[in-house]
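Numbered per the numbering used here, the sequence shown spans residues 186 to 560.
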Amino acid sequence: MATKEENVRHFLSLIKRSQRGAFKIYIGMIAGVGKTYKMLQEAHEMLDNGIDVQIGYVETHGRAGTEAQLKGLPVIPRKKIFYKGKELEEMDLDAILQLHPELVIVDELAHTNVGGCRNEKRWQDVMDLLEAGINVISAVNIQHIESLNEDIKSIAGIEVKERIPDKVLEEADEVVNIDLTAEELINRLKAGKIYKAEKIQTALSNFFKTENILQLRELALKEVAFRVEKKVETEVIPEEKAIHRELYLACISSNEKTPRHIIRRTARLASRYNTDFIALYVQTPSESPDRINLSVQRHLLNHFKLVTELGGELVQVASPDIIQAIIDVCHERHITTVCMGQPTLTWSKIFKIHRYGYFLKNLSEMDIKLIIFPQ
């Protein structure tokens, strides 16, 4: 039975949601599938139906078909910013907010703004537009989704630097996949519809390999199907019929790389089951504020930032006993699943056989599942 306070919070959230702009995202498996073209096509349709549409930011990449679609649409001029001796252009967020169109088209959702802009990322600009009651249509490629970063790296062999938190997709009212077969996409590339002639062979030899495209396509299709499934679960299935909610605990350390993997995988699991996750960092005496070195501190801050970006809650506990700290947090927060990395040589000093047995025994008694992610 919901309390009076919970009912009030729920009603306030409904009011806030009704005042917020609608948000639609087009997802593609890779550059050149036609996301921007589709957005512009939709903008024309909206304009023809009397909707006040403005182009906030569109990147045509010199593609003739996309540039042709841009003609006839009202465009808000970009903001010129001098940065490190160069004149650069960014989306003019303030101008859009002042003009307050019914609908604005914002391309390149994962873009990082130059210094001097109100927000660091373009997706943050979009959040400001939505909060102002402006409807937004935007686009992003699958490789820019934070929780899929390591999957993308294993597929394409590169780490994508510009990423959006998964929570941005969760804010979307509609997520649409722009799909092409690998053959269709490669034919478009060879025909010069994606890149200029001098870049085609390089693209074919790298990111646009058939095996890469097939795997990226699968990721994109799964992502959109997953978002649709979540929408059904949260908006269609009555709350009383919803599956019991899990609560995941990601156990992280000050290691440079492993915690990022654990955080992303745990966030993905939590998102899959429409629930929350907590990231726990146990600060041992060797990493106390007066003893921790700057590089380790920097790794930790990056991990903490990633937790926040992926919508998790960060819990920090100072203790010389990592295992007991994990058990205590599991008990206090009613954790259902603990996620951690494979023990390393450093961990072996902590996870002695009897301590590990003690750890497993406590998890079993609390009916908590344990997931160990490989390095």
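Every residue gets a Cβ at the ideal spot worked out from N, C-alpha and C, and that includes glycine.
It should be emphasised that the depicted structure is a prediction, and the values quoted were computed from it without experimental measurement.
Query, Result
"Please report the straight-line C-alpha distance between arginine 445 and leucine 454, rounded to a whole angstrom.", "14 Å"
"Report buried or exposed for arginine 483, applying the criterion of at least 16 other Cβ atoms within 10 angstroms of its Cβ.", "exposed"
"Using 8 Å as the cut-off, can you tell me whether the stretch 393-401 makes contact with the stretch 367-379, which would need three or more C-beta pairs spanning the two stretches below that distance?", "yes"
"With three or more C-beta pairs closer than 8 Å as the rule, is the stretch 311-330 touching the stretch 203-210?", "yes"
"Between Asp310, Lys554, Tyr211, which has its C-alpha nearest isoleucine 327's C-alpha?", "Tyr211"
"Do isoleucine 261 and isoleucine 281 have their beta-carbon atoms positioned less than 7 Å apart in this structure?", "yes"
"Out of Glu494, Ala382, Thr387, which has the shortest C-alpha to C-alpha gap to tryptophan 308?", "Glu494"
"Can you tell me whether DSSP reads methionine 312 as helix, strand or coil?", "helix"
"Extract the residue ranges of the beta strand (DSSP E) inside the stretch 281-352, only unbroken runs of 3 or more that lie entirely within it.", "288-291, 320-326"
"Classify isoleucine 553 as helix, strand or coil using the three-state DSSP reduction.", "coil"
"Can you name, in chain order, every residue of its own chain whose Cβ lies under 6 Å from the Cβ of methionine 186, other than the five neighbours on each side?", "Because methionine 186 carries a pLDDT of 42, less than 50, the predicted location of this residue cannot be relied on, and no value is offered for it."
"Figure out for me which residue from Gly497, Val289, Glu550 has the closest Cα to the Cα of serine 332.", "Gly497"
"Considering tyrosine 380, what are the terminal residues of the alpha helix (DSSP H) in which it resides?", "Per DSSP, tyrosine 380 belongs to no alpha helix (DSSP H) and is neither H nor E."
"Can you find the residues in the same chain that come closer than 7 Å, C-beta to C-beta, to glutamate 230, ignoring five residues on each side of it along the sequence?", "none"
"Beta carbon of valine 360, beta carbon of valine 311: below 7 Å?", "no"
"For leucine 406 versus phenylalanine 393, is the C-beta distance shorter than 7 Å?", "no"
"So is arginine 584 buried or exposed if we call it buried at 16+ other beta carbons inside 10 Å?", "Here the chain covers residues 186 to 560 and nothing more, so residue 584 does not appear."
"Can you name the start and end residues of the alpha helix (DSSP H) that glutamine 509 belongs to?", "507-518"
"Go through its chain and collect everything with a Cβ distance to valine 299's Cβ below 8 Å, but skip five positions before and after it.", "Ile266, Tyr268, Leu273, Glu275"
"Counting pairs of Cβ atoms below 8 Å between the stretch 510-525 and the stretch 542-554, do you hit three or more?", "yes"
"Are the beta-carbon atoms belonging to isoleucine 448 and leucine 491 less than 7 Å from one another?", "yes"
"List the residues that DSSP assigns as beta-bridge partners of valine 166.", "Since the displayed the chain opens at 186 and closes at 560, residue 166 lies outside it and no answer follows."
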